[in-house]
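Comments concern the structure below.
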Amino acid sequence: SETFDGTKTDFAVKSSPTHAVSMSQATTEMMLQLGLEDKMAGTAFKEEEIYPPLQAAYDKVKVLSDKWPSYEVFMSVKPDFATGWPDSFSKRAI
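Everything in the sequence shown is counted per full-length UniProt numbering, starting at 1 for the first residue and increasing by one.
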């Protein structure tokens, strides 16, 4: 297990994620634009309407919470990758 604190750390990724969770609308829409909806285990923290051309892809992704999901909900989808802003992963979030 690794803990990242914002300092430079080298590590190797052996395979592409297959159960990603996005914890912000911005990163969700980035992943959808890249066609990764089938690699997403969930999304959270929708702030406004989804960009219309991405709505069909968004509808395929499980919504874990309107804001931040609980730690238990987050872990229930067995994510192998998570993306979002730092606040998403603080003590006040998950």
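Idealized CB from N, CA, C, for every residue including glycine.
I need the boundaries of the beta strand (DSSP E) containing L64, first residue and last residue. Start at 1 with the first residue of the sequence shown, and residue 64 comes out as number 64. From DSSP, the beta strand (DSSP E) with L64 extends over V63 to S65.
Excluding sequence positions up to five away, which residues of its chain have a Cβ less than 8 Å from the Cβ of F81? Taking the first residue of the sequence shown as position 1, residue 81 is located at position 81. Counting only Cβ-Cβ distances below 8 Å, and skipping sequence neighbours, we find P17, H19, A20 and V21.
Is DSSP giving S15 helix, strand or coil here? For this step, residue 15 is matched to residue 15 along the sequence shown. Coil, per DSSP.
Given a cut-off of 8 Å, decide if Q25 and K39 are closer than it, judged by their beta-carbon atoms. Here residue 39 refers to the residue found at position 39 of the sequence shown. Here residue 25 refers to the residue found at position 25 of the sequence shown. In this structure, the beta-carbon distance from K39 to Q25 does not fall below 8 Å.
So, is Y51 buried or exposed, given that buried needs 16 or more other C-beta atoms within 10 angstroms? The residue given as residue 51 occupies position 51 in the sequence shown. Counting Cβ neighbours within 10 Å, Y51 comes out exposed, since fewer than 16 surround it.
Starting from the Cα of G84, find the closest Cα among M31, P53 and A56 and give me that residue. Sequence index remark: in the sequence shown, residue 84 carries index 84 (1-based). Looking at the Cα atoms, M31 is the closest of the given residues.
Best match in F11, T27, T28 and A44 for proximity to M75 [C-alpha to C-alpha]: If you number the sequence shown from 1, residue 75 lands on position 75. The shortest CA-to-CA distance from M75 to any of F11, T27, T28 and A44 is the one to A44.
Whole-angstrom Cβ separation of K67 and A41, contact assumed at under 8 Å? In the sequence shown, counting from the first residue as 1, residue 67 sits at position 67. In the sequence shown, counting from the first residue as 1, residue 41 sits at position 41. Rounded, the Cβ-Cβ distance is 18 Å, inconsistent with contact.
Please look up how many angstroms separate the CB atoms of E29 and L54, rounded, as I've assumed it's under 8 Å. Counting from 1 along the sequence shown, the entry for residue 29 is found at position 29. Counting from 1 along the sequence shown, the entry for residue 54 is found at position 54. Contact between E29 and L54 holds, with the beta-carbon distance rounding to 6 Å and staying under 8 Å.
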